[in-house]
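Numbering (my numbering), first residue to last: 545 to 872. In this text, a Cβ means the ideal position worked out from N, Cα and C, and glycines have one as well. A short write-up of the structure that comes next.
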Ligand code: PBG
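What follows is the structure, given as structure tokens:
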């Protein structure tokens with residue numbers, strides 16, 4: 545192979561046009577999925593203190609927000625619901641008149657072309673904040689599957705385009721696929737949170753979604769951060785059970801796994817750039833310690849470079865606006 549002085553890599557970095565032309569990884573507004581937290585009531589727009597720029601929205605406000613998102617090129621949202629009441633069996637999660645079930649048609653009529661993904665989990669709906677049915681301090685896998693599948697079905701009935709289970713129960717993709725197919729929703733895709741770690745980076749989300757566990761933690765169902773081979777096993781199992789898309793979560797501390805999963809699956813791969821990743825950037829930016837726009841675009845590019853086709857991120861609207869202004 546030729547080397548210096550024949551080869552001069554700097555030649556291709558000399559102008560911004562040349563750099564643009566040879567860039568391997570690019571960002572588009574349509575790569576992003578924006579998370580929304582839906583609360584009861586009307587005209588509610590409540591700031592989430594640990595996530596500057598993020599609001600809990602009532603259904604009417606969420607519909608307006610969807611219009612704003614569509615206008616800047618965001619084509620997909622993922623919905624989280626905060627029910628008026630919580631109980632031991634998470635009834636609000638699979639209530640046909642539940643908060644997410646009512647938000648779907650409202651967003652649909654505001655922006656018919658918006659892709660509506662729903663997060664399927666019970667932790668926002670249980671009084672103890674765990675992601676399923678508890679027996680004492682133990683989360684029971686198989687009894688939870690039935691409630692998860694019911695929740696996914698009720699989202700599909702309400703018009704969800706895609707369902708995204710995030711509970712980390714074993715067998716939930718197959719359970720959901722079975723129920724959806726039986727009820728005539730064989731064309732609703734499952735975007736599975738296949739590789740989801742027990743992470744400190746979910747802290748701010750639990751304020752936004754009011755879903756912190758009342759006791760204990762999620763280490764008996766979410767993955768141990770030290771495990772990479774197990775991530776590949778989880779991804780393979782979800783694919784075998786019929787997942788249509790796979791999520792790796794969090795994103796930035798787990799780019800190695802995005803890459804490794806990318807090399808092993810042909811399914812679309814999604815990275816969830818989670819609340820703590822967002823909060824850290826916002827806090828540093830508010831202190832003028834970093835250039836927010838530059839850091840966010842660099843981080844998003846890294847996530848795509850590591851293998852993500854799509855990124856779920858609270859930064860999505862900012863990124864879409866920056867890209868429209870011509871940032872790269
Ligand atoms: C629900 C769920 C969580 C997140 C997405 N879905 C929280 C958790 O597992 O505790 C976290 C998202 C974020 O931090 O932005 N189970």
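Pairing residue 633 with residue 677 gives a Cβ-Cβ distance under 9 Å. Note that the stretch 842-860 touches the stretch 787-796; at least 3 beta-carbon pairs, one per stretch, sit closer than 8 Å. Within 8 Å of the C-beta of residue 778 there is not a single heavy atom belonging to the ligand PBG. Taking all protein chains in view, the Cβ of residue 550 is surrounded by fewer than 16 other Cβ atoms within 10 Å, so the residue is classified as exposed. Per DSSP, residue 789 is not a residue of any alpha helix (DSSP H); the beta strand (DSSP E) it occupies stretches across 789-793. Bounds of the beta strand (DSSP E) holding residue 590 are 589-591. Closest option to residue 851, judged by alpha-carbon separation, among 832, 805 and 836: 805. By the neighbour-count criterion, in which a residue is buried when 16 or more other Cβ atoms sit within 10 angstroms of its Cβ, residue 782 is buried. As computed with DSSP, residue 826 is found in no beta bridge at all. Apart from sequence neighbours up to five positions away, the residues of its chain that approach residue 631 with a beta-carbon distance below 8 Å are 669, 670 and 671, ordered along the chain. In the three-state DSSP reduction, residue 844 falls in the helix class (H, G or I). Setting aside the 5 residues that flank it on each side, residue 727 is surrounded in the same chain by 697, each with a C-beta closer than 7 Å to its C-beta; the list follows chain order. Look at the beta carbons and you see the stretch 585-602 not touching the stretch 545-559: under three pairs across the two are nearer than 8 Å.
Around residue 684, the same chain offers 676, 677 and 678 as residues with beta carbons nearer than 8 Å, after the five sequence neighbours per side are excluded. The C-alpha of residue 554 is placed about 35 Å away from the C-alpha of residue 616. For residue 685, the enclosing alpha helix (DSSP H) has its first and last residue at 685-701. Shown in chain order are the residues whose CB sits closer than 5 Å to a heavy atom of the ligand PBG: 665, 667, 710, 746, 749, 818 and 819.
Two segments are said to touch when three or more pairs of C-beta atoms, one from each, lie closer than 8 Å; by this definition the stretch 565-577 touches the stretch 617-628.
Separation of residue 763 and residue 595 (C-alpha to C-alpha, rounded to the nearest whole angstrom) is 24 Å. With a 10 Å radius around the Cβ and a threshold of 16 neighbouring Cβ atoms, residue 759 comes out exposed. Assigned with DSSP and collapsed to three states, residue 669 falls in coil, not helix or strand.
For residue 765, the three-state secondary structure derived from DSSP is coil. In this structure residue 674 is buried. Its beta-carbon is surrounded by 16 or more other beta-carbon atoms within 10 angstroms. For residue 708, the enclosing beta strand (DSSP E) stretches over residues 706-709.
For residue 749, the uninterrupted alpha helix (DSSP H) run begins and ends at 747-752, by DSSP. By the criterion of a C-beta distance shorter than 7 Å, residue 766 is surrounded in its chain by 712, 740, 741 and 742, once the five residues flanking it on both sides are discounted.
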